[in-house]
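Reviewing the structure listed below.
Residue numbers (our numbering): 1080 to 1580.
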């Protein structure tokens, strides 16, 4: 069990860049960075007082966050061994997560620790009041003080890179925010980013053995990670696993920084029995058409009618949650060296399709369709070579295609499970394993598309089986009870890792 050293003496935060040299903004950041000093509440009230006199220029919503935020108003000092879990939590939308957290809380309690869940309610059924004696639930509002209780979040979270620098915070120029109904001006986006960082520090509370954040690339997660780095709290990243029915808690990062991607050059040995068990699992999920997401409602059965000739299914992804957009964020070009967005890759694939005479079957990520409706994004769609199928069933698209292309979408796994060749345009856990045709550079795209449509690399099936075996036996945890028996790692192992982080 990690020891809980007393917090370091508070030091005045270093100034942010000249662009953000707003006295009140600096003051709010100072109130956050000096967490633990008795005077923080006084300084926050003084900040609000200056705002009332017209100084500083922060919004009314940020003032409300400083003074009236429920996490601030009801703050208490956290003590004792504990793991803090930051996540959205909706019992109706994702009952598996509630059950998983209850099991993890029990495992941590057995290990002498406690699970503190800081959750955001995105509307719908609230989580149970308690997940067991070893778990504490606490709602937080990290996306914006203007959201009413139970209200919907912004359609696009603040894309703000927040990093510890020189004892303070640097708010990256990429900070942006979109509300449900209107685009916020640049200044409001920066103020929202400041609020996210400040309230993340309040929500973390006192010393912790580890912090777990859901989705490394969200604005909230970046804020929490910045807080943890400043305080020396180890961070783990949780997300649905690469194989259907699993969840993973891992150090290092996601996509190209995931432990699976790092192991590609020197994978651990696996036994024949483990390979056979993985093969049985893959056959089962392929037959059941199981994916990481709930089944799509009322899929458009006619979306694939009349497709002729070679078909390349291009699966879009949620760019903001995939680590490569905005391009100014750290390591964005590491995850996707060649393409800046879903639309950028679509335009490039269409250029190749005009010459090679194949059809691009394009299905955008469901979350992007929710924001933009059925309008093709970016105005790049060419109906002469592309079939736009936002409502098509993903398994129907895979089965109709001769190959599947994506930047980093997990649809790549669904395609390989169904023995369909994959063209990988970015970098993700599959990178380097020999399972896919991998794009080396943008100017090599025509050759890469041709190789994928021709069947992909030799030995891809065996390489994918080995990759899935390593993932299943070394990394992934059971999540969906329907396939839980296929994942041998236990919550007790995960709890031991977190408690000793």
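Note that beta-carbon positions come from the ideal geometry of N, C-alpha and C, so glycine has one too.
Asked, Found
"Per-residue DSSP class, three states only, for residue 1195", "strand"
"At least three beta-carbon pairs within less than 8 Å, the segment 1344-1358 to the segment 1402-1413", "no"
"Beta-carbon gap between residue 1459 and residue 1422 smaller than 9 Å", "yes"
"Nearest-angstrom beta carbon gap, residue 1440 and residue 1468 [assumed within contact, 8 Å]", "6 Å"
"Beta-carbon proximity of residue 1326 to residue 1320, cut-off 9 Å", "yes"
"Beta-bridge pairing of residue 1473 - partner residues as DSSP gives them", "None, per the DSSP bridge assignment."
"Separation of residue 1425 from residue 1461, as counted between CA atoms", "10 Å"
"Paired residues, beta bridge with residue 1053 - DSSP", "A question about residue 1053 goes unanswered here, because the residues of the chain that appear run from 1080 up to 1580."
"Where the alpha helix (DSSP H) through residue 1414 begins and ends", "1411-1414"
"Given 8 Å, three or more beta-carbon pairs between the segment 1563-1576 and the segment 1184-1196", "yes"
"Where the alpha helix (DSSP H) containing residue 1367 begins and where it ends", "1351-1367"
"Alpha-carbon spacing of residue 1502 relative to residue 1515, whole angstroms", "6 Å"
"Residue 1129 versus residue 1307 - alpha carbon distance", "Caution applies to residue 1129, whose pLDDT of 44 falls short of 50 and renders its modelled position unreliable; the model cannot decide the point."
"DSSP bridge partner residues for residue 1318 (one or two, in chain order)", "1327"
"Rounded C-alpha distance that separates residue 1215 from residue 1196", "6 Å"
"Simplified DSSP state of residue 1441, which is helix, strand or coil", "strand"
"Same chain only: Cβ atoms within 6 Å of residue 1296, ignoring 5 sequence neighbours per side", "1400 and 1402"
"Simplified DSSP state of residue 1162, which is helix, strand or coil", "strand"
"Simplified DSSP state of residue 1291, which is helix, strand or coil", "strand"
"Simplified DSSP state of residue 1543, which is helix, strand or coil", "helix"
"Counterpart residues of residue 1392 in DSSP-defined beta bridges", "1440 and 1483"
"Helix, strand or coil at residue 1466 according to DSSP, with G and I counted as helix", "strand"
"Inter-stretch contact (C-beta, 8 Å, three-pair minimum) for the segment 1527-1541 and the segment 1551-1562", "no"
"Cβ neighbours of residue 1287 in the same chain (closer than 6 Å, five flanking residues each side left out)", "1161, 1163 and 1312"
"From 1192, 1534, 1513 and 1494, residue whose alpha carbon lies closest to that of residue 1368", "1494"
"Cβ neighbour criterion (16 or more within 10 Å) applied to residue 1488", "buried"
"Identity of the residues DSSP links to residue 1188 by a beta bridge", "For residue 1188, which the question treats as bridged, DSSP gives no partner whatsoever."
"Run of the alpha helix (DSSP H) containing residue 1074, from where it starts to where it stops", "Absent from the structure is residue 1074, since the part of the chain shown begins at 1080 and ends at 1580."
"Other residues of its chain near residue 1317: CB distance less than 6 Å, five sequence neighbours each side excluded", "1291, 1293 and 1328"
"Test item: CB-CB of residue 1388 and residue 1438 under 9 Å", "yes"
"Alpha-carbon spacing of residue 1289 relative to residue 1279, whole angstroms", "15 Å"
"Strand pairing of residue 1516, partner residues [DSSP]", "1502"
"From 1564, 1519 and 1527, residue whose alpha carbon lies closest to that of residue 1435", "1527"
"Spatial neighbours of residue 1536 in its chain, beta-carbon cut-off 7 Å, leaving aside the 5 residues before and after", "1513 and 1516"
"Cβ shell of residue 1451 (< 7 Å), same chain only, five flanking positions each side left out", "Residue confidence for residue 1451 is low, a pLDDT of 49 falling below 50, so the modelled location carries little weight; the figure read from the coordinates is stated next. Cβ within range, chain order: n/a, list empty."
"Of the listed residues 1414, 1465, 1497 and 1183, nearest to residue 1334 (C-alpha basis)", "1414"
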